[in-house]
Amino acid sequence: MTKRRRFRVIAVATFIAAVPLTGCGAQNQPSGQNLPEFGSIDEAYTAVDKILGCEPDPIGEPTVPMGDGVRLTSAQKLCFENVQIDLYTDQKALQESYQILSDTNQGKVHLVHGKNRMVVDFSQMATGQPPTRSIERLATELNGEYAIVGV
């Protein structure tokens, strides 16, 4: 396992274990009221891929947001090593995942969310460097909301 990959695994494991213990307030909780939704992870991936040009076989596994011991996402797929697409079954699960990301103190997380999905860029948290991908344009092109959360 490479040093970079090992660091990412440790960072993600720490994120999943430590974030639920934090007590910070939400940063602009997503409403999702008038945002479009996708019917499947494949539909969401195809839309994101058309804009960002996802890698065909990115290294790693998606970070799984957990709430009360259960997986919050219904499906996930990597676009790049540190950029993933998450699909949610309901607004409550999306908001809970957003809260977890907002409460992290392990680095800034760039994300774009819609009614039932989030595209999350963990690059800064995983590497300590600013993201190299601009997911902000997904907000415009996929009619979503862009946010930078975490500390």
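Mapping to our numbering: the sequence shown position 87 is 1066, numbers consecutive.
All C-beta atoms, glycine included, are put in the ideal place defined by N, C-alpha and C.
- Within the stretch 1087-1113, the beta strand (DSSP E) runs of at least 3 residues that lie entirely inside it are, in chain order, 1088-1092, 1096-1100.
- In chain order, P1041, T1042, Q1055, K1056, L1057, V1098, V1099, F1101 place their CB closer than 8 Å to the CB of Q1063, counting only its own chain and leaving out the 5 sequence neighbours on each side.
- Taking the CA atoms as reference points, H1092 sits about 15 Å from G1129.
- Listed as beta-bridge partners of G1123 by DSSP are no residues whatsoever.
- Residue environment for I1079: buried (at least 16 other C-beta atoms within 10 angstroms of its C-beta).
- Excluding five sequence positions before and after A1026, the CB atoms of its chain that fall closer than 8 Å to its own CB belong to F1017, L1121, given in chain order.
- Selection M1104, L1090, S1113, T1083 evaluated against G1123 yields L1090 as nearest (Cα-Cα).
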